[in-house]
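Take a look at the structure set out below.
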Amino acid sequence: MNKPLYADATWSLKVVDLESGENIYDLNSDILAFTGSVRKTYSVGMALNKLGADHRFRTPVYSRGELSEDGVLTGDLILVAAGDLTMGGRNTPEGTVAYTSFDHTEANSLGSAILTEPDPLQGIDELAAQVAASGITEVNGDVVVDDRLFDLFRVPNGNVLITPMIINDNLVDVTIIPTEPGQPAAVDWRPKSAAFDVEASVTTGPAGGELDLTFTGGEVPGCIGTPGCKGTVTGQIPADYKPALPGIPTLVRTFSIQDPSSYARILLIEALERAGVTVTADTVAPNQPDKLPPQGSYSDDTKVAEFVSLPYSQYTRLILKVSHNLGANLSLMLFGLTQGARTIDTALAAERETLISDFGIKGSEFDFPTNGSGSPDSQAAPDATVKLLREMSRRDVFPAYFDSFPILGVDGSLEPVGVDPPNPIIEPAIGKVYAKTGTTV
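To convert a position in the sequence shown, counted from 1, into the numbering used here, add 755.
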């Protein structure tokens, strides 16, 4: 801390014995500092405490209309978004949520990612199979997505829409693998859908050359639901190209889906067709919320399918292990809903009140601006974060909360630390340090 490099820096630290409460080390612990992704420990903690570790999200599909004896529904199918972060798209056979040390949600900022193995469309396909099993063979009407669980909002930089309707983190993953110099590179993407196509013209350059890729198109509101919506990838990739990040064999980038509800509508229609259910409405068309009944008016006897998620404790692992921004903001809204708040401003107000009244954190010890869990302006003092962690340690959900933190040299964002490359100074702490890091630039 005394190096010339840090001459203009301000340090604030607090170390406390969890069992005794003894202050082991204290340095400017009342000074506010930018939290970066440490902010996620608050939003995830609040949601976990209110929802419970075993909470499961239930995403239903309802029929609205008349069903004939031969299975023809004259009316609409309605998928009601429930705030399920993964919709089965990360589910493993072992009943866990899959994640990697470099998540695809950060592929564009980090330069690449490691994709998980599960099919991103697992949940959508299961819903379609249930609809078919209910006896519906044809939908003489439309498929509509109800995303009214809370008021949608965008994160501070405007790049990500926070919505209860999420498929594959509302991303299209693009993988680019070099072949032989002068030949086209191998370009693939997922999910495959008429909702969003990828057009690629990437050549393999000589070994040792520069990576030169351009991604354009698609990422504008109004594209999804329009025939021909696509993204394009052009440029060159060296024959010997390897991403700079440790353990990543392949170049991965993403396109962002700016209209998740229209996207999910198209994906569900395609899944229904694969399951043998015909839909007369145009597959590629915008979602039509004006066709929805009053919110909360659905009846159980019209439910024809329901996807049930893994426990929320699996989602907290995903969010904190990989520092999942979409999941952290969604968690803030899910907490808000437990407090009767359906806007980002009222959810933040409810969070602030809970931190002060239930967790004993002084209002002067933290400042979370009214623009989401991922705000770059969020600040907290070490005193506040220690109080949060100590109070969470007294709650029934603490084992799930603690288990969600990245482990040094083992998993999540801390997996490569001290391991790749090896660091003899860090080595004794590998597997023993659980920590959520945060960076603000």
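Glycine residues also receive a C-beta, built at the ideal position from the N, C-alpha and C atoms.
Residue i (DSSP reduced to helix, strand or coil)
i	result
Ala1102	helix
Pro873	coil
Val1063	strand
Ser1168	helix
Ser1133	coil
Ala941	strand
Glu1120	helix
Lys1046	helix
Ser784	coil
Asn846	strand
Ala1109	In the sequence on display, residue 1109 carries Thr and not Ala. Here Thr1109 sits in helix by DSSP.
Arg1145	helix
Ser864	helix
Val886	helix
Gly791	helix
Asn1199	Here the chain comprises residues numbered 756 to 1196, so residue 1199 is not present and cannot be evaluated.
Leu768	strand
Tyr1189	strand
Glu1182	helix
Glu893	strand
Thr1194	coil
Asp1037	coil
Thr969	strand
Leu760	helix
Ile879	helix
The alpha helix (DSSP H) enclosing residue i, as first and last residue numbers
i	result
Tyr1067	Tyr1067 to Val1077
Ile1024	Pro1015 to Arg1029
Thr796	Lys795 to Leu806
Leu1089	Asn1080 to Thr1093
Asp906	That residue, Asp906, is in no alpha helix (DSSP H); it is neither H nor E in DSSP.
Pro1203	In the structure as shown, the chain starts at 756 and stops at 1196, and residue 1203 therefore has no counterpart that could be examined.
First and last residue of the uninterrupted beta strand (DSSP E) at residue i
i	result
Ala955	Asp952 to Gly960
Phe1114	Per DSSP, Phe1114 belongs to no beta strand (DSSP E) and is neither H nor E.
Phe1157	Note, Phe1157: premise wrong, no beta strand (DSSP E); alpha helix (DSSP H) at Phe1153 to Asp1158.
Lys947	Where Lys947 is concerned, there is no enclosing beta strand (DSSP E), given that its DSSP letter is neither H nor E.
Gly990	Lys985 to Pro993
Val900	Val898 to Asp901
Asn928	The question names Asn, but residue 928 is Asp in the sequence shown. Leu926 to Ile932 is the span of the beta strand (DSSP E), which, as asked, contains Asp928.
Gly830	Val827 to Val835
Val1007	Leu1006 to Ser1011
8 angstroms Cβ cutoff, residue i in contact with chain C
i	result
Phe1090	Among the protein chains of the structure shown there is no chain C, as only one such chain exists.
Reference residue i; option with closest CA among the options
i	options	result
Phe951	Val1188, Gly990 and Ile1012	Ile1012
Leu834	Ser867, Glu881, Leu1065 and Ala1190	Glu881
Ile1185	Ile931, Val1174 and Leu832	Val1174
Asp781	Asp1151, Asn1178, Leu1065 and Asp1138	Asp1138
Asp809	Gln1134, Gly1118, Glu821 and Gln1069	Gln1069
Phe1010	Thr1195, Phe789 and Ser864	Ser864
Gln1094	Thr958, Ala1135 and Glu1108	Glu1108
Lys722	Pro1179, Val1165 and Ile1180	No answer is possible for residue 722: it lies beyond the span of the chain, which begins at 756 and ends at 1196.
Arg909	Thr1057, Arg1150 and Ala1083	Ala1083
Thr892	Val1032, Cys984 and Asp1045	Val1032
Val1034	Asp831, Phe1153 and Phe789	Asp831
Lys1046	Ser823, Ser818 and Gly791	Ser818
Thr1005	Gly878, Ala883, Pro1015 and Pro993	Pro993
Asp897	Thr1194, Ile921, Gly820 and Glu861	Gly820
Gly1115	Ser1133, Leu1144 and Pro1044	Leu1144
Ser784	Ile1180, Pro1183 and Val1141	Val1141
Asn1042	Arg1008, Ser1168, Val988 and Gly977	Gly977
Leu822	Val894, His1079, Thr1071 and Thr1195	Val894
Lys795	Asn778, Ser956 and Pro1131	Pro1131
Gly844	Val1007, Arg945 and Phe1157	Arg945
Asn1080	Asp943, Tyr797, Val1039 and Thr1038	Tyr797
Residue i beta carbon near the ligand NAD (any heavy atom closer than 7 angstroms)
i	result
Arg1072	Absence of the ligand NAD from the depicted structure is noted, as is the absence of any ligand whatsoever, leaving it without description.
(Q) Pairs of beta-carbons, one from the stretch 903-918 and one from the stretch 871-878, closer than 8 angstroms: are there three or more? (A) no
Does the contact criterion of 3 or more C-beta pairs under 8 angstroms hold for the stretch 1162-1180 versus the stretch 992-1002?
yes
Contact between the stretch 1057-1068 and the stretch 808-827: three or more CB pairs below 8 angstroms? yes
Could you say if the stretch 792-803 and the stretch 1081-1092 meet the contact criterion of at least three C-beta pairs nearer than 8 angstroms? yes
Open item on the list: Does the contact criterion of 3 or more C-beta pairs under 8 angstroms hold for the stretch 899-907 versus the stretch 829-844?
Closed with: yes
Q.
Quick test of the definition: if touching needs 3 or more C-beta pairs under 8 angstroms, does the stretch 1046-1060 touch the stretch 759-771?
A. no
contact_flag[the stretch 845-860, the stretch 1023-1031] where n(CB pairs < 8 angstroms) is 3 or more = no
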